[in-house]
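**Student:** Under this note's numbering, the first residue of the sequence shown carries the number 24, and numbering increases by one thereafter.
Below is one structure. I have some questions about it.
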Amino acid sequence: MFFTSVELKDESLQCSDVIFATPHHITARILENSVTKSKIPVLEEMGSKIDKLCTDIGRMEYRSLIGIHSFYRGDRVPKDFTFAVMVDQPLIQMVFNRNSELSSPIEEGVQWVTVPVSAADEYLKMEDEEILQQLDKVLLQLWPENADVERIDHLIVRTPKATFAPTPGSAELRPNASFLGNNIAIAGCWTKTDWPSTMEGAVRSGLNAAAHILEIEWDSDKPWQQWPLRPQRGDAKWPTW
Ligand SMILES: Cc1cc2nc3c(=O)[nH]c(=O)nc-3n(C[C@H](O)[C@H](O)[C@H](O)COP(=O)(O)OP(=O)(O)OC[C@H]3O[C@@H](n4cnc5c(N)ncnc54)[C@H](O)[C@@H]3O)c2cc1C
């Protein structure tokens with residue numbers, strides 16, 4: 024069976040199998056789209072399945088994330104600091120020195136400090152200035168001696184539908200990779216992985232989708248066949264800080 028699955032700007036890809044690996048709301052939008060249906064005729068035949076999937080997807084919840092990026096001329100946090108987790112800070116939950124992860128700074132003499140804010144729904148409307156004030160307050164408490172290091176730029180990234188929320192009862196809304204039948208698989212951290220919306224869940228979902236397309240049995244609690252060995256502490260490429 025051949026689908027015309029992907030229309031690119033200048034070409035259309037012919038393939039035998041399709042994996043939808045898009046976020047859940049995008050997957051629903053694509054599946055409900057009449058153009059997609061005309062490109063993948065088999066979707067027309069599974070109308071009720073698609074209706075159920077899209078209804079279930081519509082009942083799922085999301086959580087927001089905010090990424091705070093602050094750039095300094097000089098060291099606002101000590102050079103050898105990597106990251107810290109705050110116990111009593113609802114907004115500034117963690118502080119990362121991104122320079123410690125880079126082989127060279129993004130610009131000579133510039134330090135890049137970030138804060139990922141999880142479950143950030145209530146802060147989405149907060150102005151940049153207020154967010155930065157909260158960051159400054161925490162940095163001042165931790166490293167008052169560096170208070171005069173100048174911030175030269177910032178970027179606040181608000182992602183309202185960042186992660187699928189595995190709320191009580193949501194397990195029954197999550198489809199298996201094989202839900203739509205042969206030659207089509209669904210992947211993404213929101214599918215039935217038994218894991219929350221994480222990178223591990225996303226990897227599992229991809230393997231579930233691959234197993235479905237390859238028609239092999241895979242127990243997701245066991246390693247994938249011929250999976251590369253996990254990096255070990257002490258390996259030549261194991262990064263140290
Ligand atoms: C800011 C942030 C921080 C996070 N931190 C962590 C963390 O520390 N640890 C952790 O485990 N997880 C974390 N997560 C969650 C984790 O990143 C996700 O659970 C995981 O990446 C989901 O993978 P996925 O493949 O399901 O979806 P995604 O990685 O979202 O991939 C979906 C893909 O679909 C593409 N796409 C979207 N629309 C279309 C379209 N119309 N057509 C074609 N393609 C489209 C997107 O470009 C994207 O490449 C974080 C998420 C965010 C947003």
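For each residue, glycine too, the CB sits at the ideal point set by N, CA and C.
(1) In angstroms, rounded to a whole number, what distance separates the CA positions of Leu114 and Trp213?
(2) According to DSSP, which residues form a beta bridge with Ser35?
(3) Cα-Cα, which of Lys215, Ser201, Thr216 is closest to Ile268?
(4) Anyone know if the C-beta pair for Ile179 and Asp144 falls short of 7 angstroms?
(5) State the CB to CB distance for the pair Val136 and Arg96, rounded to an integer number of angstroms; the pair is presumed to be in contact (CB under 8 angstroms).
(6) Buried or exposed: which applies to Asn332, given that a residue is buried once 16 or more other Cβ atoms fall within 10 Å of its Cβ?
(7) Could you check what DSSP says for Lys215 in three-state terms: helix, strand or coil?
(8) If Trp261 and Pro254 are in contact, beta carbons under 8 angstroms, what's the gap, nearest whole angstrom?
(9) Using three-state DSSP, classify Glu84 as helix, strand or coil.
(10) Report the rounded CA-to-CA distance for Thr78 versus Pro219, giving the unit in angstroms.
**Tutor:** Taking the geometry as given:
(1) Counting from one through the sequence shown, the residue named residue 114 turns up at place 91. Counting from one through the sequence shown, the residue named residue 213 turns up at place 190. One C-alpha to the other measures close to 25 angstroms.
(2) On the sequence shown, residue 35 is found 12 positions in, with the first residue counted as 1. DSSP output for Ser35 lists Glu30 as bridge partner(s).
(3) Since the first and last residues shown for the chain are 24 and 264, residue 268 lies out of range.
(4) What you label residue 179 is simply residue 156 of the sequence shown in a count that begins at 1. What you label residue 144 is simply residue 121 of the sequence shown in a count that begins at 1. Against a cut-off of 7 angstroms, the Cβ pair of Asp144 and Ile179 comes out as no contact.
(5) Counting from 1 along the sequence shown, the entry for residue 136 is found at position 113. Counting from 1 along the sequence shown, the entry for residue 96 is found at position 73. Their Cβ separation, rounded to whole angstroms, is 12 angstroms, which puts Val136 and Arg96 out of contact at 8 angstroms.
(6) Residue 332 is absent from the structure shown; the chain starts at 24 and stops at 264.
(7) Start at 1 with the first residue of the sequence shown, and residue 215 comes out as number 192. Reduced to three states, the DSSP call for Lys215 is coil.
(8) By 1-based counting over the sequence shown, the position of residue 261 is 238. By 1-based counting over the sequence shown, the position of residue 254 is 231. Indeed, because the Cβ distance is near 6 angstroms, the residues count as touching under 8 angstroms.
(9) By 1-based counting over the sequence shown, the position of residue 84 is 61. Three-state DSSP puts Glu84 in a strand.
(10) What you label residue 78 is simply residue 55 of the sequence shown in a count that begins at 1. What you label residue 219 is simply residue 196 of the sequence shown in a count that begins at 1. Near 20 angstroms, if we compare the C-alpha coordinates of Pro219 and Thr78.
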